[in-house]
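In order, the protein sequence lines correspond to chains Z and E.
Letter by letter, the first sequence follows residues 15 to 360 in my numbering.
Letter by letter, the second sequence follows residues 1466 to 1681 in my numbering.
All C-beta atoms, glycine included, are put in the ideal place defined by N, C-alpha and C.
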Amino acid sequence: MTANLPTPQDGPSTMRKILNDPERFVDEMLEGVLMAHPHKLRTAGDARAIVRAAAPIADKVAIATGGGSGHLPLFMGYVGEGLLDGAALGSVFQSPSAHQMLLVTRAIHAGRGVLYVYGNYGGDVLNFDLAAELAADEGVEVRTVVAGDDVASAPKGQETRRRGIAGIFLLYKIAGARAAQGATLEEVEGCVTRAAAGLRSMGVALSPTIIPASGKPTFELPNGQMEIGMGIHGEPGVRRGPIETADRIADELIDAITGDLELSRSERVAVLVNGLGATPREELYILYRRAYQRLTELGVTVMRPWIGEFATSLEMNGASISVMRLDEESWSLLQAPAETPFYVQA
Amino acid sequence: MTDAAAAIGAAGAALVAARDQLNTLDSAAGDGDLGITAGAIGIVLMELAPELAAMAPMDALRHAAMAIGEQAPSTFGTLVSLGLVSASRSLKDADVDSLTPTRFLAQAARAFMQGIETRGKAAPGDKTMLDAIGPAVETLERAADGGADIGSGLVDAARAAELGTEGTRELEARVGRQSWLAERSRGQLDAGAVAVTLVLRAAADAIDPRGSPLSR
């Protein structure tokens, strides 16, 4: 199998990757992460069930997430203090199994229940629902908040069909901070659900991702073209056209988001500008510049931005913007300190 | 009850034996790997048959759900696990000993089906395993109503599943990966429905060999 795939030594543009056997991509990545942070992270009975080294953390609700590999720092990158307790990981862009999520659940549960927070993808929903059912039979109470912030993936009125993208980081932050306060499972779930109701995102892709094991791009996007609303696994977006200026892109994304959120003047928001993996940080700041201006024009106050790579898609070139409506509680929780091997907030 | 162990083991063996057939069927309009899942489920059933038969039914269903969830992590396997969890839960407040074996099986099968319908967001007619399970469940319920013994109940259920499966040939897939290739799926039996039929027929033969159509 492997012998027929383009390797880094062969093709010029299809496999610009630093890896060994593509089939071992995820396993070697995980080994490297655990070698780098042995005192922070450990496995929980399966190489793809990653938990805090000190799990279970006593006296608090445990928070778990899960999803496919290829999106670092999403999902595993947020396992740590003030954020998540564990993450189940699948192959590139594929769901982890119910069993892997169950192993994470057992390892992090400290007697106060477990909250699953993950993105709305069919395989993940099915597998994590099974994990939750099996955990319940073992006496572990599990509740779930599924993130569906991508406004491009389904129209208003069909929000439950929307995919989860980079905005989920803000939900993790809320969940982790509230749980760290010693809140009950019901309180943490309620808090995250309220935050999710006021969170919207949308992105743009300028080039596709190459799956390591196949060597093939996830979709075809001609040079000079961009696709608005593309998903982080290459799911089709809402429109494709010539690449526009950063300001035009920011306006389109912000207007779609604020329209859907029905943001009004003098509301306070958090903004997250996310790079999809191949976009320079400079460009993210150019995008943020216009996003901030546009929101200010609308009379909305940006309380704090998060700018960087929060949910990538391997080497996809592009970015997404997320806006979350804030109240006193969510604003306070977003400011709480957190520290994982991939994310530090003082 | 050695009958149960024999039935579970036979069902498992039937799935393992049908691996290639199911992969081929599935490749017409799907991933081509349903046989792998069915085989994995089959091995679980064969290995755990005596243990499951010796456990209380609610525990056995949960134990099977856990094992299948671990060994068969595909969509089909996960749905089967969720169905078994649903069946297990349905027995929570039931007085199992007061139920005839046929009634017990009919109730468990109904809950199993409801679990899959809910989680899979599908119904009979969508060209899935439900097209075999639906008729089988209705047949088992009628058998229980009529006081039939479990052997003849299973024979009739297997026949109903077979007819339901044959009916999938002309359906176009409406859910799952097959639905993306809906037109291509026409003219082929649904592999999941075939798997269900094989399980019921093997279980029926194990409990009541005289009921096999080969001997009628």
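Per-residue burial, His53 (chain Z) [other beta carbons within 10 Å of its own, 16 or more giving buried]: Along the first sequence, one-based indexing puts residue 53 (chain Z) at 39. With fewer than 16 Cβ atoms within 10 Å of its Cβ, His53 (chain Z) is classed as exposed.
Proximal residues of chain Z, C-beta to C-beta of Arg1575 (chain E) below 9 angstroms: Numbered from 1 along the second sequence, position 110 holds the residue referred to as residue 1575 (chain E). Those do not exist, as Arg1575 (chain E) stays about 18 angstroms from chain Z at its closest Cβ, beyond 9 angstroms.
Interface residues of chain E facing Leu148 (chain Z) [CB-CB closer than 9 angstroms]: Mapped onto the first sequence, residue 148 (chain Z) falls at position 134. Correct list: Arg1527, Ala1530, Met1531, Gly1534, Ser1546 and Val1550.
Cβ-based neighbour list, Ala1667 (chain E), same chain, cut-off 6 angstroms, excluding 5 preceding and 5 following: By one-based count along the second sequence, residue 1667 (chain E) stands at place 202. Contacts found: Ala1475, Ala1476 and Ala1479.
Contact list for Asp143 (chain Z) against chain E, beta-carbon separation under 9 angstroms: For the purposes of this step, residue 143 (chain Z) is taken as residue 129 along the first sequence, with counting starting at 1. Listed along chain E, the residues sitting closer than 9 angstroms to Asp143 (chain Z) by beta-carbon distance are Thr1543, Leu1547 and Arg1584.
Ala68 (chain Z) versus Gly94 (chain Z): straight-line alpha-carbon distance, rounded: As a working note, residue 68 (chain Z) is residue 54 in the first sequence. As a working note, residue 94 (chain Z) is residue 80 in the first sequence. Distance between the alpha carbons of Ala68 (chain Z) and Gly94 (chain Z): 9 angstroms.
Reference Asp1560 (chain E); option with closest CA among E:Asp1655, E:Ala1573, E:Val1620 and E:Asp1498: In the second sequence, the residue the question calls residue 1560 (chain E) occupies position 95. Asp1560 (chain E) has its Cα closest to that of E:Ala1573, out of E:Asp1655, E:Ala1573, E:Val1620 and E:Asp1498.
Whole-angstrom C-beta distance between Gly291 (chain Z) and Thr326 (chain Z), which should lie under 8 angstroms: Residue numbering aside, residue 326 (chain Z) sits at position 312 when the first sequence is read from its first letter. Residue numbering aside, residue 291 (chain Z) sits at position 277 when the first sequence is read from its first letter. Right, their Cβ atoms sit about 4 angstroms apart.
Entirely enclosed alpha helix (DSSP H) segments - the stretch 208 to 288 of chain Z, minimum 4 residues: List check, alpha helix (DSSP H) in window: 260 to 275.
Boundaries (first-last residue) of the alpha helix (DSSP H) holding Gly1507 (chain E): Taking the first residue of the second sequence as position 1, residue 1507 (chain E) is located at position 42. Leu1499 to Ala1519 is the extent of the alpha helix (DSSP H) around Gly1507 (chain E).
Short CB-CB distance (under 8 angstroms) between Thr1593 (chain E) and chain Z: Taking the first residue of the second sequence as position 1, residue 1593 (chain E) is located at position 128. It does not: the Cβ of Thr1593 (chain E) has no partner Cβ on chain Z nearer than 8 angstroms.
Candidates Z:Val218, Z:Ile71, Z:Ala101 and Z:Leu199, of which the one nearest Arg157 (chain Z) by Cα: The count along the first sequence starts at 1 and reaches residue 157 (chain Z) at position 143. Residue Z:Leu199 is the option with its Cα nearest to Arg157 (chain Z).
In chain order, each beta strand (DSSP E) run of at least 3 residues that lies wholly inside the stretch 53 to 130 of chain Z: 55 to 57, 63 to 66, 76 to 83 and 100 to 106
Residues of the stretch 85 to 114 of chain Z with Cβ closer than 7 angstroms to any Cβ of chain E, in chain order: Ser111, Ala112 and His113
Which listed residue (Z:Glu329, Z:Arg253 and Z:Ala227) has its alpha carbon closest to that of Ala166 (chain Z): As a working mapping, residue 166 (chain Z) is identified with position 152 in the first sequence. That would be Z:Arg253, whose Cα lies nearest to the Cα of Ala166 (chain Z).
Burial state of Arg50 (chain Z) (16 or more Cβ within 10 Å): Locating residue 50 (chain Z) in the first sequence gives position 36, counting from the first residue. Per the sequence shown, residue 50 (chain Z) should be read as Ala rather than Arg. The residue is exposed, with fewer than 16 neighbouring Cβ atoms inside 10 Å.
In chain order, each alpha helix (DSSP H) run of at least 4 residues that lies wholly inside the stretch 1552 to 1625 of chain E: 1566 to 1585 and 1595 to 1610
Cβ contact (3+ pairs, closer than 8 angstroms) linking the stretch 273 to 289 of chain Z and the stretch 315 to 325 of chain Z: yes
Where Asp163 (chain Z) sits in the DSSP three-state scheme: Locating residue 163 (chain Z) in the first sequence gives position 149, counting from the first residue. Look at Asp163 (chain Z) here: in three-state DSSP terms it is coil, with no helix or strand label.
Exposed unless 16 or more other CB atoms sit within 10 angstroms - verdict on Glu1635 (chain E): Residue mapping note: residue 1635 (chain E) aligns to position 170 of the second sequence, counting from 1. Exposed: under 16 other Cβ atoms inside 10 Å.
The stretch 288 to 317 of chain Z: positions lying closer than 8 angstroms to chain E by Cβ: none
Cβ-based neighbour list, Leu235 (chain Z), same chain, cut-off 8 angstroms, excluding 5 preceding and 5 following: The residue given as residue 235 (chain Z) occupies position 221 in the first sequence. Here the set comprises Ala219, Leu220, Ser221, Pro222, Glu241 and Arg254.
Chain E contacts from the stretch 246 to 274 of chain Z (Cβ-Cβ distance under 9 angstroms): none
Contact the stretch 1543 to 1558 of chain E vs the stretch 137 to 155 of chain Z: 3+ CB pairs below 8 angstroms: yes
Nearest-angstrom beta carbon gap, Phe324 (chain Z) and Asp87 (chain Z) [assumed within contact, 8 angstroms]: The residue you call residue 87 (chain Z) lines up with position 73 of the first sequence. The residue you call residue 324 (chain Z) lines up with position 310 of the first sequence. In the sequence as presented, Asp is not what sits at residue 87 (chain Z); that position holds Pro. Yes, they are in contact, since the Cβ atoms of Pro87 (chain Z) and Phe324 (chain Z) sit about 6 angstroms apart, within 8 angstroms.
Rounded separation between Leu1513 (chain E) and Asp151 (chain Z) - CA only: In the second sequence, the residue the question calls residue 1513 (chain E) occupies position 48. In the first sequence, the residue the question calls residue 151 (chain Z) occupies position 137. Cα to Cα, Leu1513 (chain E) sits roughly 19 angstroms from Asp151 (chain Z).
Separation of Lys31 (chain Z) from Asp24 (chain Z), as counted between CA atoms: For the purposes of this step, residue 24 (chain Z) is identified with residue 10 of the first sequence, where counting begins at 1. For the purposes of this step, residue 31 (chain Z) is identified with residue 17 of the first sequence, where counting begins at 1. Caution is warranted here: a pLDDT of 47 is assigned to Asp24 (chain Z), below 50, making its placement in the model unreliable, and the coordinate value is therefore given only provisionally. About 11 angstroms.
Rounded Cβ spacing between Gly238 (chain Z) and Pro256 (chain Z) (contact assumed at less than 8 angstroms): Working through the first sequence from its first residue, we reach residue 238 (chain Z) at position 224. Working through the first sequence from its first residue, we reach residue 256 (chain Z) at position 242. Right, the Cβ-Cβ distance comes to about 6 angstroms (below 8 angstroms), so this counts as a contact.
DSSP three-state assignment for Met330 (chain Z), whether helix, strand or coil: Sequence index remark: in the first sequence, residue 330 (chain Z) carries index 316 (1-based). In the three-state scheme derived from DSSP, where H, G and I count as helix and E and B as strand, Met330 (chain Z) is classed as strand.
Distance CB(Gly1500 (chain E))-CB(Ala1483 (chain E)) smaller than 8 angstroms: If you number the second sequence from 1, residue 1500 (chain E) lands on position 35. If you number the second sequence from 1, residue 1483 (chain E) lands on position 18. In contact: Gly1500 (chain E) and Ala1483 (chain E) (Cβ atoms closer than 8 angstroms).
beta-carbon Val202 (chain Z) near the ligand PLP non-hydrogen atom, thresh 7 angstroms: Judged by which ligands are present, the structure shown has none, so any question about the ligand PLP falls away.
Where Arg339 (chain Z) sits in the DSSP three-state scheme: Indexing the first sequence from 1 puts residue 339 (chain Z) at position 325. Residue state, collapsed to three classes: strand.
Cβ contact (3+ pairs, closer than 8 angstroms) linking the stretch 1593 to 1611 of chain E and the stretch 1623 to 1635 of chain E: Touching, per the Cβ criterion.
Below-8 angstroms beta-carbon distance, Pro1538 (chain E) vs any chain Z residue: Along the second sequence, one-based indexing puts residue 1538 (chain E) at 73. So, interface residue.
CB contact below 8 angstroms: Asp138 (chain Z) versus chain E: Counting from 1 along the first sequence, the entry for residue 138 (chain Z) is found at position 124. No, because no Cβ of chain E sits closer than 8 angstroms to the Cβ of Asp138 (chain Z).
Asp164 (chain Z) beta carbon less than 8 angstroms from that of Leu213 (chain Z): Taking the first sequence and counting its residues from 1, one reaches residue 213 (chain Z) at position 199. Taking the first sequence and counting its residues from 1, one reaches residue 164 (chain Z) at position 150. It is not a contact, given that the beta carbons lie outside the stated cut-off.
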